[in-house]
Amino acid sequence: MVRITAVEGDITQQHVDAVVNAANTAMRGGGGVDGAIHRAGGPEILADCEARFPHGLPTGSAGWTTAGRLPARYVIHVVGPNHRAGQTDPRLLESCYEDAMRIADELEVGTLALPAVSAGIYGWPLQDAARIAVESVGRMAVEVSVQEARFVLFGVETGEVFSNEVAKWSRHRCA
Ligand code: APR
178 MVRITAVEGD ITQQHVDAVV NAANTAMRGG GGVDGAIHRA GGPEILADCE ARFPHGLPTG
238 SAGWTTAGRL PARYVIHVVG PNHRAGQTDP RLLESCYEDA MRIADELEVG TLALPAVSAG
298 IYGWPLQDAA RIAVESVGRM AVEVSVQEAR FVLFGVETGE VFSNEVAKWS RHRCA
């Protein structure tokens, strides 16, 4: 059974088995958390993205690469929906987290760090993004062997919103 946690911090500094990246369909790096992961992990991540995903990935799906120099074994790249560009179907965001959890399970990942996918440059409203994130990971909790899914959030507000959602999920699970 997965333990879901939320902490404020920099996802590139997390000592976990795998880190989830909020990528785009091209999978060739970008700004935000994507830029931070590629910078910290080094060129091996981009090289692996090019080798494994020559045509990128569709919105709502996930794929893994090496983590290069990051203190993790894998990066699981997900392509979140761009709310700002009109991709507002919550199922696209749900499937990012579900696919990431499935891949983590296949890779026998014990600890997984996840960012607030789509809640930055892609403009998904924070409260909604946090609820969808925690509920989607929570739905997978019984199906996978991941032990900890740790949301790692930039900034106090994002940290608090996610922590509240995690607390709600824990109460609901115990009820
Ligand atoms: N650690 C943790 N969280 C981070 C970090 C970091 N080092 N850097 C940014 N964040 C946070 C942002 O503050 C935001 O809350 O990650 C969340 C997701 O924001 P973005 O990185 O902008 O991701 P997203 O909204 O999904 O947009 C994806 O941005 O960089 C491009 O290539 C990426 O085109 C894609 C788009």
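Remember, the numbering used here sits 177 above the position in the sequence shown when you count from 1. All C-beta atoms, glycine included, are put in the ideal place defined by N, C-alpha and C.
The segment 208-220 and the segment 193-200 touch, with three or more beta-carbon pairs separated by less than 8 Å. LEU270 and LEU303 have their C-alpha atoms some 13 Å from each other. Nearest to GLY336 by C-alpha distance, out of GLY245, GLU275 and ARG308, is ARG308. Setting aside the 5 residues that flank it on each side, GLY300 is surrounded in the same chain by HIS260 and ARG261, each with a C-beta closer than 7 Å to its C-beta; the list follows chain order.
Here the alpha carbon of ALA228 sits roughly 19 Å from the alpha carbon of THR236. By the Cβ-count criterion, GLU334 is exposed, with fewer than 16 other Cβ atoms from all chains shown falling within 10 Å of its own Cβ. Contact check for VAL343 against ILE222 fails: the beta carbons are separated by 8 Å or more.
Shown here for ALA203: same chain residues with a beta carbon closer than 7 Å to its own, the five before and five after excluded, namely GLY233 in chain order. With 16 or more other Cβ atoms inside 10 Å of its own Cβ, CYS273 counts as buried. For LEU289, DSSP records a beta bridge to ALA195 and ALA326. At a Cβ-Cβ threshold of 8 Å, ARG246 and ALA217 count as neighbours. Each of ALA290, CYS351, PRO248 and ASP187 was checked against the Cα of VAL255, and the nearest Cα belongs to ALA290. Counting every other CB atom within 10 Å of its CB across the protein chains shown gives SER322 a total below 16, marking it as exposed.
Beta-bridge partners assigned by DSSP to GLU185: LEU330.
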